[in-house]
Amino acid sequence: MRLEEEFDISEDRALRITTLVRLLRGEGYEDVFGEYGSERHQKLQEQLIDELDKSLLEQSGNTIEERWNDLMDELDCQSRADNGVYLIPWSEHEADNWQNPGVTSSRP
0 MRLEEEFDIS EDRALRITTL VRLLRGEGYE DVFGEYGSER HQKLQEQLID
50 ELDKSLLEQS GNTIEERWND LMDELDCQSR ADNGVYLIPW SEHEADNWQN
100 PGVTSSRP
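Per numbering that gives the first Met the number 0, the sequence shown starts with residue 0, numbered consecutively.
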């Protein structure tokens, strides 16, 4: 709800971000957070979970997707993932279910 309010976006659009955060903890993304308890793990826990809205506000970009993609670059996430971490633009996102956030492994 904080993302919806802070960025004036719909619930579905905010769900893309939070769904992708959950995905980053699973299969194909095992190395993104790094080893539990490591400095990287703690940093990503803070930036992507505890203070996601603040982390996104600190990024440049005109849309929440651009800000997310900038954050992924800053945190060097794509080089650690087998699957895509970048969000495609909202206008191109046509998923029929919320579990598909619309990602790509190359920066849109």
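We treat Cβ as the ideally placed atom computed from N, Cα and C, and that holds for glycine. This structure is a prediction, so every number in the text was calculated from the model and none was measured.
Open item on the list: Please state the DSSP three-state secondary structure of leucine 86.
Closed with: Residue state, collapsed to three classes: strand.
Assigned exposure category for methionine 71 - 16 Cβ within 10 Å defines buried: Buried: at least 16 other Cβ atoms inside 10 Å.
### Query
Cα-Cα, which of Asn61, Ser37 and Glu26 is closest to proline 88?
Check the Cα spacing between proline 88 and each of Asn61, Ser37 and Glu26: the tightest is with Asn61.
Proximal residues to valine 20 (C-beta, below 8 Å), its chain only, five neighbours per side dropped: Contacts found: Leu47, Ile48 and Leu51.
(request) State the DSSP-derived secondary structure class of threonine 103, mapped to helix, strand or coil. (result) Annotated three-state conformation of threonine 103 is strand, per DSSP.
- Message: Counting C-beta neighbours from all protein chains within 10 Å, is the total for glycine 36 16 or more, i.e. buried, or is it exposed?
- Response: Glycine 36 comes out exposed.
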